[in-house]
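When we follow our numbering, the leftmost residue of the sequence shown carries the number 20, and every step to the right adds one.
Ideal Cβ positions, reconstructed from N, Cα and C, are used throughout, including at glycine.
This one's a predicted model, so the numbers in the text were calculated from it and none came from an experiment.
Structure record follows, encoded as structure tokens.
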Amino acid sequence: MVTVRPFQSGDETALVDAWNRSMPADPTTAGWFRDCVLLDPNFDPEGLRVAVAGDDVVGCAYAVRRLIPLAPGTDLEPDTGWIPFFFVVPEHRGGGLGRRLVGEAVEFLERLGRTKVDFSSYTPNYVLPGADAELYPDGHRLLEELGFRTLYSPVAMDRALVGYRTPREVHELLREREREGYVFRSPEVGELPELIRFAADAFNPDWGEAIRQHRDPERIVIAKKEHIVGFALYAAYRGIPERFGPFGVDPGQRGTGLGKILLHLTMTRMRAEGLHSSWFLWTGATSPAGHLYAKAGYEITRKFHVMRRSA
20 MVTVRPFQSG
30 DETALVDAWN
40 RSMPADPTTA
50 GWFRDCVLLD
60 PNFDPEGLRV
70 AVAGDDVVGC
80 AYAVRRLIPL
90 APGTDLEPDT
100 GWIPFFFVVP
110 EHRGGGLGRR
120 LVGEAVEFLE
130 RLGRTKVDFS
140 SYTPNYVLPG
150 ADAELYPDGH
160 RLLEELGFRT
170 LYSPVAMDRA
180 LVGYRTPREV
190 HELLRERERE
200 GYVFRSPEVG
210 ELPELIRFAA
220 DAFNPDWGEA
230 IRQHRDPERI
240 VIAKKEHIVG
250 FALYAAYRGI
260 PERFGPFGVD
270 PGQRGTGLGK
280 ILLHLTMTRM
290 RAEGLHSSWF
300 LWTGATSPAG
310 HLYAKAGYEI
320 TRKFHVMRRS
330 A
């Protein structure tokens, strides 16, 4: 007999083990589970629905809503809740347990007044940007059956850095922009507040927070002309050096090649550290950024579906 209950202290090791049997393409660690779930200030044990058969954890679904703002100046997004992940171990699939777990996670959020439930774009602690229909077709199908609909479909991209050299055209473009008064370098400590505000206001509050918590200016490159107009960094998320981003250029400065310069300067720094690859989880395949990445040698490795259920 399988029972479903809220998370209890002592479940954590069994949950990580069950996760890794259930999602072998995306294994996790006890450290990640501790930092990004249990120590998340928005964590509520009632929202982490744990399925237990005897003494064994056989599945779970995690529901979360904001109890504190994501960043200064933002609200609690009171209409929205998230399901960052759910899973069922292989031997307990096919009997409706996944439907039960996700259903209880949705009910938890709806009882708290959430009229929109998103899978799985909870920042800053999402596991994947959305459902991967290729690797986890049953999970994607279950979400559709429960009323989740795709909002958009970002892609993950990777590029090998072995043998990478900054293209000559980028060197020429860099010199041209420098003659116009642009500078490209790591930010000075006193420029970090400006950079954080720029990233948060022009793009996403999560990007500003990623920079605030980064604390390694040598892994950040800015473009500046009187004011900061672009940036790129790596190792911002979970301290993973090969993970590129966030990355942005002032919309009014696009078409000037600043993004191309920032991207290649960052890859050059990554290669100088001896890194063998650069990757990220989230961009639009047909967006300007997606085209820029493709021209720089990045290839699509996964596709996700950010999905929403509305009351």
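By alpha-carbon positions, which one of K135, E123, R130 ends up nearest to T99? Translated into the one-based positions of the sequence shown, residue 99 becomes position 80. Closest by alpha carbon: K135.
What separation, rounded to the nearest whole angstrom, lies between the Cα atoms of G117 and S329? The sequence position of residue 117 within the sequence shown is 98, counting from 1. The sequence position of residue 329 within the sequence shown is 310, counting from 1. Taking the straight line from one Cα to the other gives about 20 Å.
8 Å Cβ cutoff met for L154 and A80: Position 135 of the sequence shown holds residue 154. Position 61 of the sequence shown holds residue 80. No, they are not a contact pair.
Where are the beta strand (DSSP E) runs, 3 residues long or more, that stay fully inside the region 254-304, in chain order? 263-268, 296-302
Those runs of the beta strand (DSSP E) which lie wholly inside the region 149-206 and span at least 3 residues: 168-171, 174-179, 202-204
Taking the alpha-carbon of E228 as reference, which of H324, I215, S41 has the nearest alpha-carbon? Residue 228 sits at position 209 when you count from the first residue of the sequence shown. E228 has its Cα closest to that of I215, out of H324, I215, S41.
Distance between beta carbons of D157 and R231, contact taken as under 8 Å: Taking the sequence shown and counting its residues from 1, the one referred to as residue 231 is at position 212. Taking the sequence shown and counting its residues from 1, the one referred to as residue 157 is at position 138. That pair is no contact at about 38 Å.
Which residue's Cα is closest to the Cα of L161: P186, E210, L120? Locating residue 161 in the sequence shown gives position 142, where the first residue counts as 1. The shortest Cα separation from L161 among P186, E210, L120 belongs to L120.
Mind checking whether P206 and P186 have CB atoms under 8 Å apart? Sequence index remark: in the sequence shown, residue 206 carries index 187 (1-based). Sequence index remark: in the sequence shown, residue 186 carries index 167 (1-based). Contact flag unset, no.
Which of the three DSSP states, helix, strand or coil, is assigned to T32? Counted from its first residue, the sequence shown places residue 32 at position 13. Here T32 sits in helix by DSSP.
Report the partner residues of P25 according to the DSSP bridge assignment. Numbered from its first residue, the sequence shown carries residue 25 at position 6. Answer is R68.
On the three-state DSSP scale, how would you describe V121? Stepping through the sequence shown from its first residue, residue 121 is reached at position 102. It is helical.
Name the residue from E65, R84, R24, P88 whose alpha carbon lies nearest to the alpha carbon of D75. In the sequence shown, counting from the first residue as 1, residue 75 sits at position 56. Checking every option, the nearest Cα to that of D75 belongs to R24.
Would you please state the rounded distance, in angstroms, between the beta carbons of V83 and P60? I believe it to be under 8 Å. Start at 1 with the first residue of the sequence shown, and residue 83 comes out as number 64. Start at 1 with the first residue of the sequence shown, and residue 60 comes out as number 41. Their Cβ separation, rounded to whole angstroms, is 10 Å, which puts V83 and P60 out of contact at 8 Å.
Using a 10 Å radius around the Cβ and a threshold of 16 neighbouring Cβ atoms, would you call P88 buried or exposed? On the sequence shown, residue 88 is found 69 positions in, with the first residue counted as 1. Burial call: exposed.
Y171, buried or exposed, once every other Cβ within 10 Å from all chains shown has been counted against 16: Residue 171 sits at position 152 when you count from the first residue of the sequence shown. By the neighbour-count rule (16 or more Cβ atoms within 10 Å), Y171 is not buried but exposed.
When you compare the CB positions of F26 and D151, do they come within less than 8 Å of one another, or not? By 1-based counting over the sequence shown, the position of residue 26 is 7. By 1-based counting over the sequence shown, the position of residue 151 is 132. In this structure, D151 does not lie closer than 8 Å to F26 by Cβ.
Out of E213, L294, E163, which one is the CA nearest neighbour of E245? Reading the sequence shown from its first residue, position 226 is the one you call residue 245. For the residues E213, L294, E163, the minimum Cα distance to E245 belongs to E213.
Return helix, strand or coil for L57, following the three-state DSSP convention. Start at 1 with the first residue of the sequence shown, and residue 57 comes out as number 38. Here L57 sits in helix by DSSP.
Report buried or exposed for T302, applying the criterion of at least 16 other Cβ atoms within 10 angstroms of its Cβ. What you label residue 302 is simply residue 283 of the sequence shown in a count that begins at 1. The residue in question, T302, is buried, as its Cβ has 16 or more Cβ neighbours within 10 Å.
Can you find at least 3 beta carbon pairs, one from the region 123-140 and one from the region 268-281, that sit closer than 8 Å? no
Per DSSP, D94 forms a beta bridge with which residues? On the sequence shown, position 75 is the one that residue 94 refers to. Note: D94 sits in no beta bridge, so no partner.
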